[in-house]
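Just remember that the working numbering sits 497 ahead of the position in the sequence shown, which is counted from 1.
All C-beta atoms, glycine included, are put in the ideal place defined by N, C-alpha and C.
Predicted model, so just to flag it, every value in this text is computed and none were measured.
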Amino acid sequence: MRDLFDELRDQLPQDRGMKSSKWEILSKAVDHIQTLKRHNSDMAREIDGLRREVEGLRVGAAAAAAASGVAYGVAPTYQQPQFNGYLSMGPGYPPLPSGGQGNMTPHHPSGQPSQGQGQGQAQPPPSTAPPGQSMHSRGASS
Numbered sequence: 498m499r500d501l502f503d504e505l506r507d508q509l510p511q512d513r514g515m516k517s518s519k520w521e522i523l524s525k526a527v528d529h530i531q532t533l534k535r536h537n538s539d540m541a542r543e544i545d546g547l548r549r550e551v552e553g554l555r556v557g558a559a560a561a562a563a564a565s566g567v568a569y570g571v572a573p574t575y576q577q578p579q580f581n582g583y584l585s586m587g588p589g590y591p592p593l594p595s596g597g598q599g600n601m602t603p604h605h606p607s608g609q610p611s612q613g614q615g616q617g618q619a620q621p622p623p624s625t626a627p628p629g630q631s632m633h634s635r636g637a638s639s
């Protein structure tokens with residue numbers, strides 16, 4: 498019996514290892530149990546409140562997603578580009594066979610090779626400089 502009281506005393510937050518009467522050990526144990534019950538009850542109320550808050554946020558997010566046309570909980574889908582066996586260098590260029598380099602001479606959309614381009618030489622894609630500004634005038638102002 499004495500060992501059990503010593504073990505109970507060691508489980509209490511205060512007076513660990515101190516000599517106490519059996520009455521003191523039991524009354525402190527009862528107080529500690531009541532404190533733990535109150536704390537447990539407070540935590541249960543907080544958890545319930547947080548669950549309600551989360552549910553409200555989920556409902557709000559689902560409503561916002563429905564209003565914007567996005568399904569809640571579903572990742573957006575992206576179109577996977579279709580591979581037709583050819584690689585393209587971009588607009589104005591014919592598709593290249595995927596197995597080799599082929600003729601890399603740029604072609605005009607009409608099907609004719611671009612003027613001023615050498616046959617068989619790789620050329621950079623056309624300039625995408627803003628209107629009113631050429632490729633050569635961008636670096637010249639520095």
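| Query | Result |
| --- | --- |
| Do His536 and Leu509 have their beta-carbon atoms positioned less than 7 Å apart in this structure? | no |
| Any idea what DSSP makes of Gln511, helix, strand or coil? | coil |
| Please look up how many angstroms separate the CB atoms of Ser517 and Arg499, rounded, as I've assumed it's under 8 Å. | Ser517 to Arg499, Cβ: 12 Å. No contact. |
| Assuming Lys516 is part of the alpha helix (DSSP H), what are its boundary residues? | No alpha helix (DSSP H) holds Lys516; DSSP gives it neither H nor E. |
| Taking only the alpha-carbon atoms, compute the straight-line gap between Ala560 and Arg542 and give it to the nearest angstrom. | 27 Å |
| Could you name the residues of the same chain whose beta carbon sits closer than 8 Å to that of Glu504, not counting the 5 residues immediately before and after it, in chain order? | none |
| Quick check on Met498: does DSSP put it in helix, strand or coil? | coil |
| Is Gly566 helix, strand or coil by DSSP? | coil |
| Exposed or buried, what is Ile544 when buried is set at 16 or more other beta-carbons lying within 10 Å of its beta-carbon? | exposed |
| Skipping 5 residues on each side, what residues in its chain have a beta carbon closer than 6 Å to that of Phe502? | Lys519, Ile522 |
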